[in-house]
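S.K.:
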Amino acid sequence: MTRRPSTTVVAALAMAGAGLFAPAAAATAPPPPAASGTAAVAARLAPALRAAGSGDNATVASCPAGDVSALIAKAPAALGLDPNGTKSQKAIADQGSTSIFCTSAGPTIGAVVMGQPFTTDVESAIRASIASVSTSASVSPAQPVGAGAMVTYCVREAVPTDSFCAAVWMDRDVLYGVVATGPSANGRLVGEWMLAVRDDLTAAILANGGGSSTPAGGDLDTTAAAAVMRATLQAEGRSNPDLTTCPLGAVADYLPKAPAGLDVAGVIEQPRQSTTSTGSEVATVICTAEGGGKTVSIYVGEPFPNGLKAGLESILPSTTTASFSPEQPVRGGTLVTYCATDSKSTTQSYCEADWANDEIDFAIAVAPSGVTGQQVGDWLLAVLDDLVAATAASGSGTATPGTAVAESVLDTAQAAAGAQAAVAAAATEANQRNGGSLSSCPLLDVRQVVAAAPASFDRSALGTEVSAAYLHPGDLEGPLCLLRNPSGASIAWMVSKPFPGGGHAEAEALSKGLKLSFEPDRDHRGGTIVTYCAANPDGSQQFCDAAWSNAELNVELQVLSKTVTPAEVTAWLVAMLEPSVRQIATAGG
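All the letters of the sequence shown, read from the start, carry residue numbers 96 to 684 under my numbering.
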């Protein structure tokens with residue numbers, strides 16, 4: 096009869112998953128040649144380890160090495176392990192390392208472990224871990240094996256079947272381990288097993304792609320995107336502080352793919368574009384959005400000639416220190432993440448992830464504190480295809496920025512319901528107050544709209560307080576919120592049902608007596624943007640207006656200014672679109 100493992104054995108295996116293994120004697124077999132490819136293994140393991148997180152006994156969807164039967168089968172027969180036992184896998188974090196252990200459970204349990212190296216040497220880390228959980232462990236001194244070091248150890252329990260032995264090998268890139276439970280467990284035998292499977296483990300992880308969490312897709316084709324990037328820098332100037340368009344599209348279009356633990360909900364400000372020059376060699380386009388106390392910047396630029404990590408280190412200010420991850424090969428390029436800290440205040444300034452090949456560099460940076468390098472790395476990997484596609488498409492002259500992003504269609508069902516509820520409440524108040532005026536803007540603080548103004552627009556020309564809000568009469572049926580500055584510019588912000596005749600008909604109906612000049616309509620996020628400017632009979636511009644609508648909702652911005660451009664008012668609306676839809680969706684309670 097097969098004996099189910101006791102809770103003590105399960106706990107021991109949990110210890111093993113974190114690298115808590117212990118031996119009676121060091122392995123005596125001569126070390127084989129150094130394992131190759133562990134840097135590539137680290138890159139393959141990284142997504143699975145990030146997906147598992149750092150929780151205790153976190154379940155992992157699949158073993159990064161695939162079916163571990165062949166690796167279990169290489170264990171010395173005297174250990175009594177069953178290669179065809181019941182398979183499972185867990186992730187455990189300890190001593191600065193997260194590891195995944197893949198088990199095969201039969202009469203005894205065998206496990207193969209793979210993960211991040213400890214933050215200290217392997218022997219010190221194991222002794223420190225064991226000291227807090229066991230007094231019956233014997234640990235061998237570390238012995239050099241190839242490019243790393245190996246430690247074996249055993250834990251002897253009062254119930255012999257609950258005892259186990261393990262061996263851990265670690266170099267600068269990865270940690271490997273093997274574990275065997277039961278009275279037959281022996282430190283020398285598990286050491287021999289570790290030496291026998293070390294290179295096989297590397298090959299298995301690389302062949303299996305590191306498990307189901309490995310980023311999809313093969314090597315990225317960046318030829319077209321790199322050509323557009325170089326043309327943009329040449330056309331705009333390598334140190335031009337204010338580009339008119341971002342080749343990556345709207346920053347807001349990438350927010351939906353941010354990791355769940357990274358809060359970017361308050362980021363609403365219009366992306367600002369600029370190029371920066373690093374010496375005379377590397378130039379970069381930076382597209383930035385702000386809001387809610389956070390700043391998100393997305394970069395595309397030339398790769399560093401001296402390598403990604405070295406290049407990033409070379410441009411850090413002298414007042415900044417940074418903690419870098421190892422370089423990881425990903426999709427034909429190299430991924431690096433780091434977090435920067437102000438040397439004087441010792442507070443974190445931002446975290447950044449960069450991916451580069453020999454043609455192009457993409458990056459995401461998030462400030463200030465509260466973000467991790469792992470989060471921005473996950474985010475960058477999630478949008479790499481979108482960044483490449485958006486950059487390449489921006490050179491065609493026909494693509495709307497951001498339309499390459501897969502999650503670009505806005506869901507406005509809840510926002511439409513929220514707007515209807517707000518309209519009903521506003522109608523009741525307007526009837527009570529006479530004249531249709533409202534005490535406040537019922538859907539959005541207009542000062543949020545002001546904060547999203549493009550960098551090229553002079554915000555100082557705007558007022559600082561909402562001067563009026565009222566229910567728009569007629570077919571639009573929506574609250575119109577105004578901010579006026581009699582000596583400068585004014586804005587009007589409105590959310591309503593779509594106009595029955597569409598955006599052009601609405602413009603004609605609401606701007607009688609003015610000469611209208613329409614821009615080409617733009618498809619954007621499942622709707623259409625109609626932009627036009629209105630001029631007085633003498634030819635002087637009175638305002639420019641941009642309205643986005645789909646079948647459910649109309650979101651509109653009008654800027655009363657003699658100097659505002661159609662491009663500015665369109666970009667302004669685009670920056671406010673998603674955050675306003677999210678906020679309006681809650682208006683109905």
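The C-beta atom is built at its ideal place from N, Cα and C for all residues, glycine as well.
Once the 5 residues before and after Ala280 are set aside, which same chain residues still bring their CB inside 7 Å of it?
M.R.: Leu174, Cys249, Ser258, Phe259 and Cys260
S.K.: Under the DSSP definition of a beta bridge, which residues are partnered with Glu651?
M.R.: Met589 and Ala642
S.K.: Along the chain, where does the alpha helix (DSSP H) that runs through Leu475 open and close?
M.R.: Gly468 to Ala488
S.K.: With which residues is Met209 paired in a DSSP beta bridge?
M.R.: Ile195 and Tyr271
S.K.: Using alpha carbons as the reference points, say which of Ser219, Val254 and Ile225 lies closest to Ala237.
M.R.: Ser219
S.K.: What residue range is occupied by the uninterrupted alpha helix (DSSP H) comprising Pro549?
M.R.: Neither: Pro549 is in no alpha helix (DSSP H) and is coded neither H nor E.
S.K.: What do you get for Val254, buried or exposed, if any count of 16 or more other CB atoms within 10 angstroms of its CB means buried?
M.R.: exposed
S.K.: Can you tell me which of the three DSSP states Gln184 falls into?
M.R.: strand
S.K.: In the DSSP output, which residue or residues are listed as bridge partners for His619?
M.R.: Paired residues: Gly622.
S.K.: Taking Cβ to Cβ, would you say Ser233 is nearer than 8 Å to Pro212?
M.R.: no
S.K.: With DSSP as the reference, label Thr203 as helix, strand or coil.
M.R.: coil
S.K.: Distance, Cα to Cα, Ala326 vs Gly396?
M.R.: 11 Å
S.K.: Let me know the secondary structure DSSP gives Ala170 once reduced to three states.
M.R.: coil
S.K.: Measure the alpha-carbon distance for Tyr349 versus Ile167 and round it to whole angstroms.
M.R.: 43 Å
S.K.: Rounded to the nearest angstrom, what separates Ser718 and Pro412 at their Cα positions?
M.R.: Here the chain has residues from 96 to 684 only, and residue 718 is not among them.
S.K.: What's the C-alpha gap between Ser444 and Ile459?
M.R.: 14 Å
S.K.: Among residues of its own chain, excluding the 5 on either side of Thr214, which ones have a beta-carbon nearer than 6 Å to its beta-carbon?
M.R.: Gly191.
S.K.: Please classify Ile410: is it buried, with 16 or more other beta-carbons within 10 angstroms of its beta-carbon, or exposed?
M.R.: exposed
S.K.: Please classify Val471: is it buried, with 16 or more other beta-carbons within 10 angstroms of its beta-carbon, or exposed?
M.R.: Buried: at least 16 other Cβ atoms inside 10 Å.
S.K.: Could you name the residues that DSSP lists as bridge partners for Cys446?
M.R.: Answer is Cys434 and Val461, bridged to Cys446.
S.K.: Using DSSP with H/G/I as helix, E/B as strand and the rest coil, what is Thr660?
M.R.: coil
S.K.: Whole angstroms is fine: what's the gap from Ser392's alpha carbon to Leu403's?
M.R.: 18 Å
S.K.: The alpha helix (DSSP H) spanning Glu287 covers which residue range?
M.R.: Gly282 to Asn303
S.K.: I need the straight-line Cα distance from Asp618 to Ser635, nearest angstrom please.
M.R.: Taking the straight line joining both Cα atoms gives about 29 Å.
S.K.: Which word fits Phe399, buried or exposed, when buried means at least 16 other C-beta atoms lie within 10 angstroms of its C-beta?
M.R.: buried
S.K.: To the nearest angstrom, report how far apart Val208 and Ala242 are at their CA atoms.
M.R.: Those two C-alpha atoms are separated by around 18 Å.
S.K.: Mapping DSSP to helix, strand and coil, what is Lys95?
M.R.: Residue 95 lies beyond the residue range present for the chain, which begins at 96 and ends at 684; the question has no answer from this structure.
S.K.: Should Thr429 and Val269 be called a contact, given that it needs their Cβ atoms to be closer than 8 Å?
M.R.: Taking 8 Å as the Cβ cut-off, Thr429 and Val269 do not qualify as a contacting pair.
S.K.: The alpha helix (DSSP H) that contains Val217, what's its start and end?
M.R.: Counting along the chain, the alpha helix (DSSP H) containing Val217 begins and ends at Val217 to Ala226.
S.K.: To which residues of the same chain is Ala137 closer than 8 Å at the C-beta, ignoring the five residues directly before and after it?
M.R.: Gln211, Asp268, Val269, Pro421 and Gln423
S.K.: Indicate whether Ser235 and Val246 have their beta-carbon atoms separated by less than 8 Å.
M.R.: Between Ser235 and Val246, the C-beta spacing is below 8 Å.
S.K.: Take Gln509 and list the residues in its own chain whose beta-carbon comes closer than 6 Å to its own, dropping the five residues that flank it on each side.
M.R.: Ala680
S.K.: Would you mind giving the Cβ-Cβ distance between Ala587 and Leu575, rounded to the nearest angstrom? I have them listed as a contact below 8 Å.
M.R.: 6 Å
S.K.: Give the secondary structure of Glu502 by DSSP, where H, G and I count as helix, E and B as strand, and everything else as coil.
M.R.: Annotation note: pLDDT 34 at Glu502 (below 50); position unreliable, coordinate value reported separately. Correct three-state label for Glu502: coil.
S.K.: So, with DSSP's three-state summary, where would you put Pro255?
M.R.: Helix at Pro255.
S.K.: Thinking C-alpha only, which one of Asp473, Val504, Val664 and Val285 is nearest Gly356?
M.R.: Asp473
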